[in-house]
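**Student:** Under UniProt numbering, the first residue of the sequence shown carries the number 1, and numbering increases by one thereafter. For every residue, glycine included, the Cβ atom is placed at its ideal position computed from N, Cα and C. Just so it is clear, the structure is predicted and the values come from calculations on it, not from any experiment.
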Amino acid sequence: APDTPVIDQAYSKLSNSITVEWRAVPAATNYMLTAQDGDSFVETIVKNSPGTLMGLKPATLYRITIRSINSGGKSQPSLFRKVKTVLAAPILSVHSPSCDSIAVSWKAVHMAAGFSVSLMRSDGLGRMLKENTTNTSLIFTNLDPGTLYTIKAYAWNVNGMPGDDFTYNQRTSPSTPVDVKVAFHSGAFRAVVSWMPTEGALTYSVTVSSGLLKLRCNTSSASCTVPSLQCGSEYYVSVTAYNDAGSSKPTDAVSLKTIPCAPVNISIEEDEPGHLLVSWSSVSFGHYYVVFVKSDDGLEVHCNTSYTQCHFQSDCGFTYFISVFAYNKAGQSPLGDIFNYTTAPCCPSAFRVVFVSSDTVRVSWAAVRGADLYETRAAGGSAVVLCRDTATACTLSALPCNTPYNITVYSVSEARGSSTSCAPQHVATAPCSPEIKNISKEGLSVISVQWQSNNEKATYVVTARGEAGLWHCTSTGNSCTLTDLPCGSAFSVSAVARSPAGQSLPSYSVPLETAPCCPNDLILTQVTQSVTNISWSVGLGAQTYVTTLESPKGQAKCHTLQNYCLLGCITCGTNYTVSLRAISETGLTSSCTYQGYSSSACCPSGVKLYRLSNNGIRVFWRASDETINYNTDLRGSKGNFSCTPSSGLSHCDITEIPCGDVYTVVVAPVTDKKPKLTFCPKKIYSVTCSGSSVGMVIYRGKSNAKHI
1 APDTPVIDQA
11 YSKLSNSITV
21 EWRAVPAATN
31 YMLTAQDGDS
41 FVETIVKNSP
51 GTLMGLKPAT
61 LYRITIRSIN
71 SGGKSQPSLF
81 RKVKTVLAAP
91 ILSVHSPSCD
101 SIAVSWKAVH
111 MAAGFSVSLM
121 RSDGLGRMLK
131 ENTTNTSLIF
141 TNLDPGTLYT
151 IKAYAWNVNG
161 MPGDDFTYNQ
171 RTSPSTPVDV
181 KVAFHSGAFR
191 AVVSWMPTEG
201 ALTYSVTVSS
211 GLLKLRCNTS
221 SASCTVPSLQ
231 CGSEYYVSVT
241 AYNDAGSSKP
251 TDAVSLKTIP
261 CAPVNISIEE
271 DEPGHLLVSW
281 SSVSFGHYYV
291 VFVKSDDGLE
301 VHCNTSYTQC
311 HFQSDCGFTY
321 FISVFAYNKA
331 GQSPLGDIFN
341 YTTAPCCPSA
351 FRVVFVSSDT
361 VRVSWAAVRG
371 ADLYETRAAG
381 GSAVVLCRDT
391 ATACTLSALP
401 CNTPYNITVY
411 SVSEARGSST
421 SCAPQHVATA
431 PCSPEIKNIS
441 KEGLSVISVQ
451 WQSNNEKATY
461 VVTARGEAGL
471 WHCTSTGNSC
481 TLTDLPCGSA
491 FSVSAVARSP
501 AGQSLPSYSV
511 PLETAPCCPN
521 DLILTQVTQS
531 VTNISWSVGL
541 GAQTYVTTLE
551 SPKGQAKCHT
561 LQNYCLLGCI
571 TCGTNYTVSL
581 RAISETGLTS
591 SCTYQGYSSS
601 ACCPSGVKLY
611 RLSNNGIRVF
621 WRASDETINY
631 NTDLRGSKGN
641 FSCTPSSGLS
651 HCDITEIPCG
661 DVYTVVVAPV
671 TDKKPKLTFC
681 PKKIYSVTCS
691 GSSVGMVIYR
701 GKSNAKHI
């Protein structure tokens with residue numbers, strides 16, 4: 001184990017710790033510090049000097065020892081040192097009882113002989129105040145209002161040794177706001193209260209009181225709006241400043257008188273023709289009154305008086321709107337009830353009738369004096385349509401079509417009744433909508449449309465609308481014909497009626513589909529002697545196709561969704577008629593005819609080969625028709641050979657054929673079309689060689705040989 005260390009010094013700077021310093025011990029890797037207080041121990045292990053023991057009790061005497069440690073073990077404890085921890089810090093309780101003072105108090109600290117408390121502005125301005133006391137409270141006075149101060153306090157023992165310190169930030173409460181001003185806004189019934197900002201104030205509270213009523217407004221700015229004030233009232237306004245330390249004293253109350261209330265008990269009398277008398281009751285805080293009389297043409301007159309009545313001139317046919325206001329220094333009273341007085345109305349002028357749709361009429365006119373509302377009456381046949389409105393326009397809807405009407409507008413006054421001598425205007429509604437009864441096909445791309453309608457002197461327009469475009473036809477009767485409609489197209493057909501009165505609503509649409517288009521291109525290709533492939537271009541509007549090849553010898557047919565098909569049972573050397581039917585999804589069919597088709601001549605039978613003396617070969621066959629020419633092809637590894645005999649012959653010769661090779665022989669009819677026929681049977685022959693140059697032709701397919 002290492003040597004025992006020696007403590008140089010041990011001291012306490014904090015109430016919960018002691019710091020130890022010692023000289024290093026060779027070969028020591030760690031050190032164990034021990035603080036003993038009676039039977040209790042506190043230990044800690046450190047790497048080197050100095051080391052600190054934490055978690056100690058304040059104002060307590062400890063025995064401090066140290067031991068060095070390495071891998072060999074621990075040394076003996078050093079000679080102990082006695083060290084006492086410093087005093088604990090006092091825990092402060094701080095508040096600001098007024099805007100220029102701060103009160104500090106704390107609980108007694110164990111072993112403390114006295115306390116030191118210092119105070120200074122947190123921004124560093126001014127001087128520091130310091131007090132030493134044996135009491136547990138004190139008050140700092142003559143401070144700046146609303147200012148943040150930093151307070152530091154510590155206890156000291158009988159030896160004057162200071163303990164831990166405690167720091168606290170406290171703001172003084174704000175001073176009372178000054179220069180309070182009150183501005184009343186009569187339109188919104190609110191008061192705007194403003195004042196000079198107070199140092200250190202965080203918020204302000206404005207109190208507005210009137211008798212038992214108290215209104216408050218809280219704000220962080222230097223002004224506040226107090227809403228919901230009452231007219232004809234006197235309020236007293238005061239302002240108090242607040243911060244986290246408390247509140248200031250409220251300001252002296254400022255008197256506020258609001259605007260007077262609107263006058264009541266207003267009466268209007270026409271004491272004699274052409275003269276109106278307006279009277280009312282007096283109101284509190286009303287210094288004088290103004291009466292406004294406005295006619296419905298915008299002309300306004302007024303009367304200013306300190307009494308409670310006014311006289312005005314009046315004219316017939318006018319509506320007068322009368323209002324009375326009271327005034328004082330705060331402003332104008334709120335708007336009270338508006339009264340009106342109406343003389344007998346006149347008939348409307350600038351009378352206009354406009355159709356906005358086939359069954360809707362908009363009637364408009366110029367406003368007339370004295371009219372509270374207007375009554376529009378439309379009489380047509382045995383029915384009468386009424387419209388009552390205060391506007392100078394009215395819309396009459398759902399009028400029967402193809403009907404004449406007499407339309408009259410009357411002005412109505414609640415006080416004087418309705419005008420009676422107004423002239424009517426004659427109009428007629430638009431024709432009735434036609435009803436399509438039938439759509440029939442009269443020919444290729446020709447459609448006849450029939451409808452029913454009871455209109456007189458009407459012209460009808462029929463429209464077919466589709467992706468292909470628009471087609472029209474016109475008639476004064478009950479039918480017309482649409483021509484040149486494209487095949488394979490879908491349309492929506494509707495009709496409208498037109499007359500001098502206007503245009504009807506369109507009829508209900510009827511769907512129309514034209515037959516599908518015939519394919520433009522059709523190609524026939526013979527695949528084998530009895531099978532032919534037919535392909536064609538797509539026909540617009542077609543979903544399926546039926547193709548037919550027909551001859552006196554029989555018929556071949558197929559029905560398919562594709563644009564091609566294979567037809568079997570084809571007779572060789574036969575002329576066929578070609579037809580195709582294009583069928584739409586709904587079953588409409590177009591029959592299409594094309595140029596006739598001739599199947600190829602029949603392949604020959606009985607093909608045989610014979611060796612000629614001059615290293616040649618003769619090919620024989622049985623012709624299906626003596627008028628057909630045939631072509632013979634021999635293909636082998638040593639060369640390809642062909643021959644075509646004269647018309648009517650059923651054999652041909654090929655000379656200089658190399659022996660010792662296997663040949664594929666095809667005999668096929670000669671055709672004018674390209675390419676050559678490839679479906680005739682192929683036969684394989686072997687041409688052998690011998691020493692005497694006598695060859696043998698062997699037909700591989702039958703496994704026999706013939707000598708020539």
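Evaluate Phe641 with the Cβ neighbour count: other Cβ atoms within 10 Å of its Cβ, from every protein chain shown; 16 or more gives buried, anything less gives exposed.
**Tutor:** buried
**Student:** I'd like the span of the beta strand (DSSP E) that includes Gln9, first residue to last.
**Tutor:** 7-14
**Student:** Kindly give me the distance between the Cβ atoms of Ser98 and Thr176, rounded to whole angstroms, as I take these residues to be in contact under 8 Å.
**Tutor:** Not really, about 11 Å apart at Cβ, beyond 8 Å.
**Student:** Are Cys480 and Cys422 closer than 7 Å when you measure CB to CB?
**Tutor:** no
**Student:** Tell me where the beta strand (DSSP E) around Trp156 begins and ends.
**Tutor:** Going by DSSP, Trp156 is part of the beta strand (DSSP E) stretching over 148-156.
**Student:** Name the residue from Tyr597, Thr150, Thr632 whose alpha carbon lies nearest to the alpha carbon of Leu609.
**Tutor:** Thr632
**Student:** Using only alpha-carbon positions, find the residue among Ala113, His311, Tyr31, His302 that is nearest to Gly73.
**Tutor:** Tyr31
**Student:** For the 8 Å Cβ check, are there 3 or more pairs between the segment 213-220 and the segment 256-263?
**Tutor:** no
**Student:** Under the rule that 16 or more other beta-carbon atoms within 10 Å means buried, what is Gly124, buried or exposed?
**Tutor:** exposed
**Student:** For Val324 and Val368, which I take to be in contact (beta-carbon distance under 8 Å), what is that distance rounded to the nearest angstrom?
**Tutor:** Not quite, the Cβ-Cβ distance comes to about 28 Å (not below 8 Å), so this is no contact.
**Student:** With a floor of 3 residues, list each beta strand (DSSP E) that falls wholly inside the segment 175-205, ordered by position along the chain.
**Tutor:** 181-185, 190-194
**Student:** Given that a residue counts as buried once 16 or more other Cβ atoms are within 10 Å of its Cβ, and exposed if not, what is Lys45?
**Tutor:** One detail in the question is off: residue 45 reads as Ile in this sequence, not Lys. The residue in question, Ile45, is exposed, as its Cβ has fewer than 16 Cβ neighbours within 10 Å.
**Student:** For Ser703, which of helix, strand or coil comes out of DSSP?
**Tutor:** Low per-residue confidence applies at Ser703: pLDDT is 33, beneath 50, and the placement is therefore not dependable enough to give any value.
**Student:** So which of Ile447, Ile534, Thr547 has the shortest CA-CA distance to Ala515?
**Tutor:** For Ala515, the nearest C-alpha among the options comes from Ile447.
**Student:** What whole-angstrom Cβ distance do Thr403 and Ala428 have, given they're in contact under 8 Å?
**Tutor:** 7 Å
**Student:** By Cβ distance, which residues of its chain are closer than 7 Å to Ser419, with the 5 residues on each side in sequence left out?
**Tutor:** Pro345, Cys346, Cys347, Tyr410, Ser411
**Student:** So Val449 and Val462 are in contact, right, with Cβ under 8 Å, and what is the actual spacing, rounded?
**Tutor:** 5 Å
**Student:** If you count every other CB in all the chains shown that lies within 10 Å of the CB of Phe115, and 16 or more means buried, which is it?
**Tutor:** buried
**Student:** Given Thr29, which residues of its chain have a CB within under 7 Å of its CB, disregarding the five upstream and five downstream residues?
**Tutor:** Excluding residues up to 5 positions away in sequence, Ile69, Asn70 lie with their Cβ nearer than 7 Å to the Cβ of Thr29 in the same chain.
**Student:** From this set, Gly286, Arg81, Asn142, which residue's C-alpha is nearest Gly126's C-alpha?
**Tutor:** The option with the nearest alpha carbon to Gly126 is Asn142.
**Student:** Thinking just about the alpha-carbon of each residue, which of Pro400, Gly381, Leu373, Gly380 is nearest to the one in Cys387?
**Tutor:** That would be Leu373, whose Cα lies nearest to the Cα of Cys387.
**Student:** By DSSP, does Pro669 sit in helix, in strand, or in coil?
**Tutor:** Pro669: strand per DSSP, three-state reduction.
**Student:** If we require 3 or more residues per run, which beta strand (DSSP E) segments fall completely within the segment 609-683?
**Tutor:** 617-622, 630-636, 639-643, 651-654, 661-669
**Student:** Give me the Cα-Cα distance between Arg352 and Ser504, rounded to the nearest whole angstrom.
**Tutor:** 21 Å
**Student:** Using only the alpha-carbon positions, how far apart do Pro486 and Ser492 sit?
**Tutor:** 14 Å
**Student:** Just to confirm before moving on: does the CB-CB distance between Leu580 and Val531 stay below 7 Å?
**Tutor:** No, the Cβ-Cβ distance between Leu580 and Val531 is not below 7 Å.
**Student:** To which residues of the same chain is Ile18 closer than 8 Å at the C-beta, ignoring the five residues directly before and after it?
**Tutor:** Ala10, Tyr11, Ser12, Ala35, Thr52, Leu53, Leu56, Tyr62, Ile64, Val83, Thr85
**Student:** Please go through the same chain and pick out, in chain order, the residues whose beta-carbon is closer than 8 Å to the beta-carbon of Thr476, but skip the five residues on each side of it.
**Tutor:** Within the same chain, Thr476 has close Cβ partners Ala458, Thr459, Tyr460.
**Student:** Within the chosen definition, does the segment 235-250 reach the segment 280-290 through at least 3 CB pairs nearer than 8 Å?
**Tutor:** no
**Student:** If I'm right that Leu138 touches Val104 with Cβ under 8 Å, what's the distance once you round it to whole angstroms?
**Tutor:** 6 Å
**Student:** Who pairs with Tyr235 in a beta bridge, going by DSSP?
**Tutor:** Answer by DSSP bridge pairing, in chain order: Leu256.
**Student:** Within the same chain, show all residues whose beta-carbon is closer than 7 Å to that of Ala108, passing over the 5 residues directly before and after it, in chain order.
**Tutor:** Thr136
**Student:** Count the CB pairs spanning the segment 323-337 and the segment 186-203 that are closer than 8 Å, and state whether there are at least three.
**Tutor:** yes
**Student:** Under three-state DSSP, which class holds Arg581?
**Tutor:** strand
**Student:** Comparing C-alpha positions only, which one of Cys261, Pro260, Ser238 sits nearest to Pro250?
**Tutor:** Ser238
**Student:** Taking a contact to mean a Cβ-Cβ separation below 7 Å, would you say Trp195 touches Val180 in this structure?
**Tutor:** Taking a C-beta distance under 7 Å as the contact criterion, Trp195 and Val180 qualify as a contact pair.
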